[in-house]
Structures are given as C-alpha cells and as structure tokens.
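Whatever position you read off the sequence shown (first residue = 1), add 1008 for my numbering. Where is the CB? At the ideal position from N, CA and C, for every residue including glycine. Values in this document were obtained by computation on a predicted structure and should not be read as measured data. Note sheet for the following structure.
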Amino acid sequence: MQTPADRQDRREYPAHWEADVVLRDGGTARIRPITVDDADRLVSFYEQVSDESKYYRFFAPYPRLSAKDVHRFTHHDFVDRVGLAATIGGEFIATVRYDRIGADGLPASAPADEAEVAFLVQDAHQGRGVASALLEHIAAVARERGIRRFAAEVLPANSKMIKVFTDAGYTQQRSFEDGVVRLEFDLEPTDRSLAVQRAREQRAEARSVRRLLAPGSVAVIGVGRAPGGVGRSVLGNIRDAGYGGRLHAVNKAFPGDLKEVDGVRAYRSVRDVEDPVDLAVVAVPAEYVPGAVAECGEHGVQGLVVLSSGYAESGPEGRERQRALVQQARAYGMRIIGPNAFGVINTSADVRLNASLAPEMPRPGRIGMFAQSGAIGIALLSRLHRRGGGVTGVTGVSTFVSAGNRADVSGNDVLQYWYDDPETDVVLMYLESIGNPRKFARLARRTAAAKPLVVVQGVGSVPQGHAVRATRLPHAIVSALLRQAGVIRVDTITELVDAGLLLARQPLPAGPRVAILGNSESLGVLTYDRCLAEGLRPARPLDLTTGATAADFHGALARALADDTCDSVVVTAIPAIGEASPGDAELAEALRSAAAAVPGKPVLVVHVELGGLAEALSAAASTAPQAAQRASGTGGGDHPAPLPAPLEPLRDGTRLIPAYPAAERAVRALAEAVRYGQWRREAMDPGKVPEYDDIDEKGAARLIGELLARGEGLTISDAETCELLGKYGIPVRRALPAPTRDAAAEAARTLGYPVALKATAPHLRHRADLGGVRLDLADEEQLRRAYAELTELFGPPEELRPVVQGMAPRGVDTVVRAVIDPAAGAVLSFSLAGAASQLLGDMAHRLIPVTDREATSLVRSIRTAPLLFGWRGSTPVDTPALEELLLRVSRLVDDHPEVVAVTLEPVVVAPHGVSVLGATVRLAPPPARDDLGPRTMPAY
C-alpha cells in the first residue's frame, strides 16, 4: 500500500531534464533524474566505488548502503529533493543530489532558495569531467525550481571535488569549520561561469571529433567477400591511403578459416578482434546495423562512421530507425558520423585516413571541409582536384567530413574541432540545414576571429534526414546574422572554393583599394567594373600591352605592391604571341618573386585560356626541380598529374598565388576577403553592452510575472506596454481613445494642441498612405472635421478605433523590432518605415544582446541610411538617440526572455531626440532551457 509520501515521490517525471553530454575525453554519457526504479542500479554503482571515495562522500567509513539509504536516494519529489545520475550503457557512473534547506540548515520547501548538493563519481570515471557536467545540470534544475544558492561540505583532502566547485566560475564563499570546508555559491550564471562552460564544451566536443578523425585502429564492418561493394571499397581506400594504424575487415559471413582480405586481417565479429578498436566504419544494410552497433559498444569502440542508408532520408519508418540508432550508440558512449554518410578523410602524415567512398586521397593541405551531402562532398573534392595542379598546389585538404543525415555529429561539432586544429587554416562548409543556428552563430564568431569560415547555406527545403529546429526567420535574415558572426556567406560551391583558396594562400587585405595590371586592356576594364560592383575601390587598370615580358610583369607588380595606396593587386593575363612572350613557368616565377618581396598584400591572377599558368604559379612556389618539370610540359590541362604536396611552402611563408579563369570569380573572392578582413579588425573591439542607471529590471520582472499569471502567452494592452517599456527608459507618446467626436475633443484638450487623429484598426494601423491618419490638427474645429472625414471614408468609430495623440517633432519615421526565434534566438531589427522596408526588404538585423558598436553599425547598415544623415541637404537626425533606443530594447529582451516580441512603430527620429508613437509587446513563458543552460547534445 502506498503512503502519501510515496505518492508524492512519484509526482510527474521531468523528462525534459534528460540529456546526452560529451565528456572531457570525447566520450558521451546520459544524464537523467533518479527514480524509484533505480534501486538495483544504485546499489551496483555504490559497490564499484572505492572505500576512499565513499569516505569523502559520507565523512566516515560507509561500506554499503542500507535499505533506508537506497529509499532516500531513489525517492525524490523533483522539487525540494532531486537526484541526477550520469549513465553509460544504462548503468550509473556518477550521481548528484540536492536537498532544499532553510536558514537553519534543516530540510525546507519553497520559498527557501538554498540547497545542499553532493556528488559521488565512480573511480574508473573520475577525471573525465563527469562531475562538472552534473554540476551544470543540477544547477539548471535548481534554478528552474526556484533555488538560487548551493552549499556543499567537503573534506579538505577531497581536492578533486573542491576543484570541481571552484573551477565552475560561480560567485562563491568558502569557510572552514570542524575540519570541513564549506562552499556556498550563487547559481546565477556569470560571465566567468559561462566562459568556463563553453571552454569545456569546446574541448570535449573537439576531442570527440578527434577520436573519429585520428583513430589508432579502424574496423570496417560489412567487407564483402568478393571485390566491389561499399565495405570492400572503403577498406581498399583506407589501405591505399597509407593508413598507419591497425586495420581490420569484419563480416559475419566470412568463412571461419578466412584470415585475410586484400592483405587485411579478417574477422567474423568486432568482438573477435584482439586489440582495441577506436573507429568502426559500418557498411551493412540498415536492418543489420543494430547488431553491429551492439558488438562495437560491447568491445569498447569509441566512434562510428555509418555509411548505411535507409534511415530518416527514406521516410517516417527510417526516422524511427535513425532515432533508435543514435540512442543505442549514445548508450555505449559512442558518437556517430552519419548515417547515410560519405565518410571522413584526414590527410595528416601521422594519420592518412581515407575512410570514405572517395577513390583517391586528396592532396594534404590547410583546408578543412564539411559537407552534409555526399554528392556535394564529391563535387567539392573533385573541384579541388581539378584545380589542384595550379590554384591549390600545396593548398589541399587537412580533414574532410561528410556527415550525411548528421543524426549525431554535426557541423557545430566539427567546427569545435577545427577551431584549434593546428593543421587547418581555412574552413569550408556546405550546410543544407543548420540544426542549432544560435549555437552555430556563437561558434562561428569565435572561429572566424581565428581563421576564415566560408559557408554555402542551402535555401530550399530541409532534407528529410535532418532533424532541425523550426525557424520563423527568412533565409535572408539568417544569412545576415551569420555574416554578423564573421561567416563568409557565398551562394555556390564554385564561390566556396574560390574564396577558400584565396584565404588559404594569401594574407587578408588591409582595405578595399585594388590595383589592376596586365597585358589586356579589355580584361583589365572588366576587372575594374567588377571591383566597382563589389564595393571595392579599384585604381585605373595599368595596361602592359600584349607584348609585355615576364620582367614587365615583375616590375609592374613590384611597384603596385610598394604603393601605399594599394591594399591588393589583381593581375590579368592572356596568351601572347611572339618570341619575347613569357612562358607559363617564367611568368609565374616573375609574379611569385615580386609578391614575395611584399608579403603583406594579397595577389590574384585572372588568366584566360592559359592551362599551364595556374599550375606554373603553384610550381613556382614549390621546389626548383618541380618547377622545371612543369615547365617542360609534364601534366597541365584540366586534369593535371597528382602533385606531391608538402606543407613546408606554407609554413616557411612562401606565397602561393591563386589563379582564376574569370574576372568576376577573382573579384568576388577578393571582395569577400576584404569584408572578412574588416570584420576581423572590428571584432578585436566589439564594443560593450551599456548600463543605464534608470533601468528598473526588478520592477519589470515583477510586472511581467503579474501579467503572465493571466495566461500562457498574450499581447499586453497599450497601458501595460507603456508601463513595461517605461521601466527601461523607453517612453511611448501617450495616445487616448476617441470613440466619439466629443471624446476626441476632450482627449485633445488633455494632451494639448496640435494633435494627430489616427485609426488603429488592424487594416489601417501604420497605413498613412490609406488616409487613416490626420496630422497637425491645430484646434477643435480641425479635429472634429478630421473625425467626420475618417468616419465617412472608413466606417463607424467602433470599426476604426480612433485615438488622439500629441504631435511629435518632425523627423524620419523608422521601425524597431525584436523577436525571439525558437532556433536563432533573440534578434533585433531596424528599418525605415513604409515602402523601403515593406517592398524592398531594406532591414538590418543583429543578434541580442547588442553592443554599442553593433547598434551604430545597425543604423548604418540599411541602404536608405543616408536619409538619416542629411541626404540631399536635409537636416540630419539624432542617430545617437536612436542607437540608445535600440540598446534599451536589446537590454529589455535580453534581461527578460519572457518578452518574445517587441514592435515600436513608428519611431520618429527628429534632429533632437526620438519619439515612439506606437508600441506592442508580446509575452510568453520562457523556455525551460536556453543557450545559457547546461551543455547538452541535440535531443533525438
């Protein structure tokens, strides 16, 4: 028979607390609430903990748990008493628990906001960051339940646990009494705690990817007995690439006496492999994958590359199969690339892994490549190979990942790896979808501050195999937000490669000034026009004439690079006829030697029908024997012979000059490099989020709580909107309802003339072009006449909903909006009112919170910004006041996630000050978890 306490302990299970996490060493674990059904797991877990760890937990010898202990540690009300467990394979590896306490230190209930917390980690899993992950999650749970402070008592000798608390970054106090260290810390996230959390996230996710890209041993599961087939092909690709680790071929259908396949040891099961296996490449039909995954998990395999298809890309049944695959792999602590993946490549001399369907190993180089689509991955590798004899040369691939359905490992994870990968200088990504735009933007901003990140983002429907959060933001806005984060956004894979190769081989330009020189006047003019179209500042082209020699090119390039008014140089070259005309190798060496003298400025070449020049440019930057070989005519054409690709030419500073077959492609790549260079310089000083003394954050929080008590989501009234915005120093010009002519006259007397009469019906609101607004009404007679005109034109007052408002100073009408998107996060938008934004889409966007520098750039980002700064002799308006308004709106939304939408329209920006004439605010309960929450892997 259940007691009332038992029934209380079985209150609704908080499933949203469940999460998969990546640990410090790159492995994974699952965190979930402990329930009454976990008694046996808890006892088994405790038996595997050392006596020393038990002593540290209970401050006394405690060899076993009593029945009372087991009941206490498995029965929780999920409010005042909560326990979480970290599990692998369904078994506990660590636990954490909090108990709410009052001021006297005894058990309590709300409104008490302090709790005692204690951990226990199995000795075999200590040092993996399990306790740190559990602390993040139990702190998030506690905040959700109204607990604002943790207390922990730790023995002084338990240095590991003391370090867990002190390293977390929370504001804390420490005391020592009766031989025990007492730590107390607030749970409100701080800048330091967030920095600690995100640094741990980066290290853990990077290591989890590194285990997939640099394994010490590989097993290919599904190797056919006969030549051909996916598994046999991948096995051959790994072997032929010169993989330095242990390689195993696995197929349960192998005869028992089969020892080798293609010179590789053969096994019927991964469990039969005597040595540890780090990575398993799975190439069996989907129905056999679960069995293969189970064998890998039992053998301790660290990660999987699943090439098999038949998952979410095939429909609902496949989606369920994919969900089960991820859950099964995570239960064993394994990460997955795929399913439906093309594979992974690592060209490092220490690894040389080609666990993909690409028949040839790409040239080693400095470019990291990610593609969700296998077809696009093939196209990218092929494009680099075709241009590899010249434009790439030694600039090949460091690592390549084709994630397929990216059920687990995504572009975010690989970006974490490339962020501090010393072998990667430039990142190229083809993204058909972005599963977590908010996190991607955060990671992209950090990565782009260290190395270029070039992205092609799909604009069509999301592929069936991809599970992504729904976003209400148009593609153009998402692209603008990515650019704000430093991402170089391009539209095609051709542009992706063009920009990537320039960024991998040349320094960033210091500005937009471009010198153009070459032996073709028409090609120079075409390049000049393209520079103007891309917003660059080109000088008039220098025509060297078709009779120019290699020495002429060398001298002209040297002079251009030495010119302080030049930031970059584009060299144009066409085939020339005559004995004095330079050969490909001679011209390439002339350009290379001139560029080497001024290494701080980028040089690009536009060549027309010169199949050997691009290759010769690369050869000129390599060893002399290689250059001589190219000059003699070996290779060339669209498919040059493979080149050896040592990394030394890039490491010792030698310049490799990229060549492009068309002016528009070269200039587009250069323009992207110029914009990225400008972003890098500005990112060094991003500005700050200002503090305003007149903001009443606590008062706003109380008001929001009172309003939300009325319902789950609501658009608040005009009076409530004015009150809420007022607490953030955003006054809204008062408007009084005018249901009758007499009421309108009374309102005008209250406000004082001149006034405006406006219809606020939805179909007329903010539509001055329809005649629903009358301005500058100087007296009651004009007001009554205007009222009669409106009702005659548009209908009775109950339909028009007229209001009377005091006149604002004349200025420029603008619109300020903020919205919380479920995928991208909080976004602040700005535009001019009227046709500019409605017809032309002339709006600018920034992620919240906005800094003072970002507010300044936001105002200047729209194409119609000159109207704010005295266009054609008009009076400039008060843009500093406008920027302050933007910053205050940003603060409101950032401080209160319950504010899910704000619209200020119109905002009249006058020569002195701004006037908000209309405002709407929508509230909704905040999400249980947001980007400030604990580290989690995407839920599946």
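Indicate whether Asp1131 and Arg1157 have their beta-carbon atoms separated by less than 8 Å.
Here residue 1131 is taken as the residue at index 123 of the sequence shown, counted from 1. Here residue 1157 is taken as the residue at index 149 of the sequence shown, counted from 1. No, these two residues do not count as a Cβ contact at 8 Å.
Roughly how many angstroms lie between the CA atoms of Phe1838 and Lys1696, to the nearest whole one?
Start at 1 with the first residue of the sequence shown, and residue 1838 comes out as number 830. Start at 1 with the first residue of the sequence shown, and residue 1696 comes out as number 688. One C-alpha to the other measures close to 19 Å.
Check this for me: beta carbons of Asp1560 and Leu1550, under 8 Å apart or not?
Within the sequence shown, residue 1560 is the residue found at index 552, counting from 1. Within the sequence shown, residue 1550 is the residue found at index 542, counting from 1. The answer is no: Cβ separation not under 8 Å.
Answer with buried or exposed for Arg1545, where buried requires no fewer than 16 other C-beta atoms within 10 angstroms of its C-beta.
Indexing the sequence shown from 1 puts residue 1545 at position 537. Classification for Arg1545: exposed.
Suppose the cutoff is 7 Å on Cβ atoms and the five residues either side in sequence are ignored; what does the same chain contact list for Thr1573 look like?
To locate residue 1573, count along the sequence shown from 1; it is residue 565. Closer than 7 Å at Cβ, skipping near neighbours: Arg1521.
In terms of alpha-carbon separation, which member of Ser1865, Gly1713, Glu1892 and Val1129 lies closest to His1904?
For the purposes of this step, residue 1904 is identified with residue 896 of the sequence shown, where counting begins at 1. For the residues Ser1865, Gly1713, Glu1892 and Val1129, the minimum Cα distance to His1904 belongs to Gly1713.
Leaving aside the five residues before and after Arg1930 along the sequence, list all residues of the same chain whose C-beta is less than 6 Å from its C-beta, in chain order.
For this step, residue 1930 is matched to residue 922 along the sequence shown. The answer, listed in chain order, is Thr1723, Val1908 and Ala1909.
What are the start and end residues of the beta strand (DSSP E) that includes Leu1931?
Counting from one through the sequence shown, the residue named residue 1931 turns up at place 923. Where Leu1931 is concerned, the enclosing beta strand (DSSP E) stretches over Ala1927 to Leu1931.
Using 8 Å as the Cβ pair cut-off and three pairs as the minimum, do the stretch 1044-1055 and the stretch 1073-1085 touch?
With the cut-off at 8 Å, the stretch 1044-1055 and the stretch 1073-1085 touch.
What are the start and end residues of the beta strand (DSSP E) that includes Gly1685?
Against the sequence shown, residue 1685 aligns to sequence position 677. Where Gly1685 is concerned, there is no enclosing beta strand (DSSP E), although the alpha helix (DSSP H) it sits in stretches over Ala1671 to Ala1691.
Could you pull out every unbroken alpha helix (DSSP H) segment of at least 4 residues lying fully inside the stretch 1103-1170, listed in chain order?
List check, alpha helix (DSSP H) in window: 1138-1152.
What is the DSSP secondary structure of Gly1098, reduced to helix, strand or coil?
The residue labelled residue 1098 in the question sits at position 90 within the sequence shown. Correct three-state label for Gly1098: coil.
Would the beta-carbon of Ala1918 fall within 8 Å of that of Asp1886?
Position 910 of the sequence shown holds residue 1918. Position 878 of the sequence shown holds residue 1886. Yes; because the gap between Cβ atoms is below 8 Å, this pair is in contact.
Give the straight-line distance between the Cα atoms of Gly1719 and Val1924, rounded to the nearest whole angstrom.
If you number the sequence shown from 1, residue 1719 lands on position 711. If you number the sequence shown from 1, residue 1924 lands on position 916. Between Gly1719 and Val1924, the C-alpha separation is close to 27 Å.
Hey, quick one: how far does the beta strand (DSSP E) through Asn1354 stretch, first residue to last?
By 1-based counting over the sequence shown, the position of residue 1354 is 346. Counting along the chain, the beta strand (DSSP E) containing Asn1354 begins and ends at Gly1351 to Asn1354.
Quick check on Phe1877: buried or exposed, where buried means 16 or more other Cβ atoms within 10 Å of its Cβ?
Here residue 1877 is taken as the residue at index 869 of the sequence shown, counted from 1. By the neighbour-count rule (16 or more Cβ atoms within 10 Å), Phe1877 is not buried but exposed.
Where Ala1518 and Ser1601 are concerned, what is the direct C-alpha to C-alpha distance, given to the nearest angstrom?
The count along the sequence shown starts at 1 and reaches residue 1518 at position 510. The count along the sequence shown starts at 1 and reaches residue 1601 at position 593. One C-alpha to the other measures close to 21 Å.
Is it true that the CB of Ala1159 sits closer than 8 Å to the CB of Arg1136?
Taking the sequence shown and counting its residues from 1, the one referred to as residue 1136 is at position 128. Taking the sequence shown and counting its residues from 1, the one referred to as residue 1159 is at position 151. It is not a contact, given that the beta carbons lie outside the stated cut-off.
Curious, which full-length alpha helix (DSSP H) runs of at least 4 residues does the stretch 1851-1919 contain?
Complete alpha helix (DSSP H) runs here, min 4: 1860-1869 and 1887-1903.
Give me the residue from Gly1250, Tyr1064 and Ala1234 with the minimum Cα distance to Met1369.
Counting from one through the sequence shown, the residue named residue 1369 turns up at place 361. Residue Gly1250 is the option with its Cα nearest to Met1369.
Return the chain-ordered ranges of every beta strand (DSSP E) run that is complete within the stretch 1326-1392 and spans a minimum of 3 residues.
Those beta strand (DSSP E) runs which fall completely within the stretch 1326-1392 and span 3+ residues are 1343-1345, 1351-1354, 1361-1364 and 1372-1379.
Suppose the cutoff is 8 Å on Cβ atoms and the five residues either side in sequence are ignored; what does the same chain contact list for Ala1752 look like?
Your numbering for residue 1752 matches position 744 in the sequence shown. Cβ within range, chain order: Ala1746, Leu1765, Leu1791, Arg1792, Tyr1795, Pro1810 and Val1812.
Is Ala1415 near Val1334, with beta carbons less than 8 Å apart?
Counted from its first residue, the sequence shown places residue 1415 at position 407. Counted from its first residue, the sequence shown places residue 1334 at position 326. In contact: Ala1415 and Val1334 (Cβ atoms closer than 8 Å).
Thinking C-alpha only, which one of Phe1262, Gly1373, Ala1366 and Ser1882 is nearest Ser1390?
Numbered from its first residue, the sequence shown carries residue 1390 at position 382. Of the candidates Phe1262, Gly1373, Ala1366 and Ser1882, the one whose C-alpha sits nearest the C-alpha of Ser1390 is Ala1366.
Does the distance from the C-beta atom of Val1579 to that of Leu1565 stay below 8 Å?
Translated into positions along the sequence shown, residue 1579 becomes position 571. Translated into positions along the sequence shown, residue 1565 becomes position 557. Their beta carbons are under 8 Å apart, which means Val1579 touches Leu1565 by this criterion.
Could you check what DSSP says for Asp1429 in three-state terms: helix, strand or coil?
The sequence position of residue 1429 within the sequence shown is 421, counting from 1. DSSP places Asp1429 in coil when its eight states are reduced to three.
On the three-state DSSP scale, how would you describe Asp1849?
In the sequence shown, counting from the first residue as 1, residue 1849 sits at position 841. Correcting the residue identity first, residue 1849 is Gly in this sequence and not Asp. Note: Gly1849 maps to coil in three-state DSSP.
Please state if the CB of Val1029 and the CB of Met1945 are separated by a distance shorter than 8 Å.
If you number the sequence shown from 1, residue 1945 lands on position 937. If you number the sequence shown from 1, residue 1029 lands on position 21. For Met1945 and Val1029, yes; Cβs fall inside 8 Å.
Check for me: the beta strand (DSSP E) holding Ile1524 runs from which residue to which?
On the sequence shown, position 516 is the one that residue 1524 refers to. From DSSP, the beta strand (DSSP E) with Ile1524 extends over Arg1521 to Gly1526.
With distance defined between alpha-carbon atoms, name the residue in Glu1020, Leu1143 and Thr1082 nearest to Gly1941.
Sequence index remark: in the sequence shown, residue 1941 carries index 933 (1-based). Ranking Glu1020, Leu1143 and Thr1082 by Cα distance to Gly1941 puts Leu1143 first.
Below 7 Å CB to CB, which residues in the same chain sit around Ala1653 once its five sequence neighbours on both sides are set aside?
What you label residue 1653 is simply residue 645 of the sequence shown in a count that begins at 1. Interpretation of Ala1653 is limited by its pLDDT of 30, a score under 50 that renders its predicted location unreliable; the figure taken from the coordinates is listed afterwards. Here the set comprises Arg1371, Pro1372, Gly1373, Val1402 and Gly1404.
For Met1342 and Glu1306, I'd like the C-alpha separation in whole angstroms.
Looking up residue 1342 in the sequence shown gives position 334. Looking up residue 1306 in the sequence shown gives position 298. If I take the Cα positions, the gap works out to 11 Å.
Give me, in chain order, the residues of the same chain whose beta-carbon lies closer than 6 Å to that of His1474; leave out the 5 immediate sequence neighbours on both sides.
Reading the sequence shown from its first residue, position 466 is the one you call residue 1474. At His1474, the pLDDT of 48 sits below 50, so the modelled position is not reliable; the number obtained from the coordinates is stated separately. Only Ser1441 meet the Cβ criterion.
Three-state secondary structure (DSSP) at Pro1830?
Your numbering for residue 1830 matches position 822 in the sequence shown. Pro1830: coil per DSSP, three-state reduction.
Quick test of the definition: if touching needs 3 or more C-beta pairs under 8 Å, does the stretch 1450-1458 touch the stretch 1488-1502?
Yes, since at least three Cβ pairs between the stretch 1450-1458 and the stretch 1488-1502 fall closer than 8 Å, the two stretches touch.
Below 8 Å between beta carbons: does that hold for Ala1027 and Ile1042?
On the sequence shown, position 19 is the one that residue 1027 refers to. On the sequence shown, position 34 is the one that residue 1042 refers to. No; because the gap between Cβ atoms is not below 8 Å, this pair is not in contact.
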